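Its first residue numbered 0, the sequence shown is counted upward by one per residue in numbering that gives the first Met the number 0. Backbone N, C-alpha and C define an ideal beta-carbon position, used for all residues, glycine too. Predicted, not measured: the structure shown is a model, and the values here were computed from it.
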Amino acid sequence: MNAFTDSGAGPSSFGERLRRLRTNGQIRVRDVAGQCGVSPSFIYQLEQGKVEPSHSTLKSLARALGTSAAVLLGEEIPESWMVVRHAGRRRLVTGEVGVTIQVLPFLGQRSKRMQVLAFDLEPGAVHREVMFQHEREDLMYLTAGEVELDLGHRRLRLRSGDVAHLVLDRPRELSNPGPVGAQGIWIVSPPQADAEGMMVEI
């Protein structure tokens, strides 16, 4: 095992880390190749783990991707894989008045164990289009206001600072019965298989 094949934090190989950093940065293969003085096919071979870069090519790759050799080698995890800045949230298309749901797209591994969302409900707003239908656990932490969870056979009222952990029950509806806006964090584990394909606003 070496730095180019050893599994560590993040994607399990150098090639996978390279591909993920490139796609996260929306950088084309030919642009990376041009900046590194190699062919696009060589970049593809690197991403597929068929070849290894020289030291000079490794440094050029890091510059082209705006990162460091340590990140490419898996010795350091990029901040963007650990932190989602407020501006980096992606708003889901719900079609519901007064309902804002945002995906917190932590980058890095595709095989994540949880999906994190932030929600904001205006007074009187109701979220009925619950997008998750798979077997899972839900954790909701209310940071402001109050919400009511309709579980079908019972309803739960959460107020600011409250946390709900749902294992056997599935929320059918999330509403804000209060006079002020409600905000919170919604964590789903495991994520829905097609979570990355959820409709988001551009």
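For the alpha helix (DSSP H) that contains residue i, what are its first and last residues?
i	result
Asp-137	First-last for Asp-137: 136-143, but that is the beta strand (DSSP E), not the alpha helix (DSSP H).
Gln-44	39-46
Thr-66	That residue, Thr-66, is in no alpha helix (DSSP H); it is neither H nor E in DSSP.
For the beta strand (DSSP E) that contains residue i, what are its first and last residues?
i	result
Glu-172	172-174
Leu-206	The first residue shown for the chain is 0 and the last is 201, placing residue 206 beyond what the model contains.
Val-162	162-165
If I measure Cβ to Cβ from residue i and keep anything under 7 Å in the same chain, skipping five residues before and after, which residues do I get?
i	result
Ser-188	Arg-112, Met-113, Arg-135 and Glu-136
Arg-29	Pro-39
What residues in its chain sit with their C-beta under 6 Å from that of residue i, if we drop five residues either side in the sequence?
i	result
Val-125	Ser-174
Ala-8	Below a pLDDT of 50, predicted positions are generally treated as unreliable, and Ala-8, at 43, falls in that range; the measurement from the model is reported next regardless. Ile-76.
Gly-97	Glu-121 and Ala-124
So who's on the other strand from residue i, going by DSSP bridges?
i	result
Glu-150	Reading the sequence as shown, one finds Leu at residue 150 and not Glu. Leu-150 is not bridged to any residue.
Thr-99	Asp-119
When the Cα atoms are used, what is the spatial distance from residue i to residue j?
i	j	result
Gly-183	Ile-100	10 Å
Glu-74	Leu-138	32 Å
Trp-185	Leu-167	16 Å
Gln-132	Leu-155	20 Å
Thr-142	Glu-78	25 Å
Leu-165	Val-129	14 Å
Ser-159	Pro-178	13 Å
Arg-90	Phe-41	37 Å
Val-37	Gln-191	39 Å
Counting only the same chain and skipping the five closest in sequence on each side, list residues whose C-beta sits under 8 Å from that of residue i.
i	result
Leu-71	Phe-13, Arg-16, Leu-17, Leu-20, Leu-57, Leu-60, Ala-61 and Leu-64
Arg-88	Gln-101, Val-102, Leu-103, Pro-104 and Ala-117
Report task. Decide yes or no for the touch test of the stretch 76-92 against the stretch 51-65: beta carbon pairs closer than 8 Å, at least 3 of them. Result -> no
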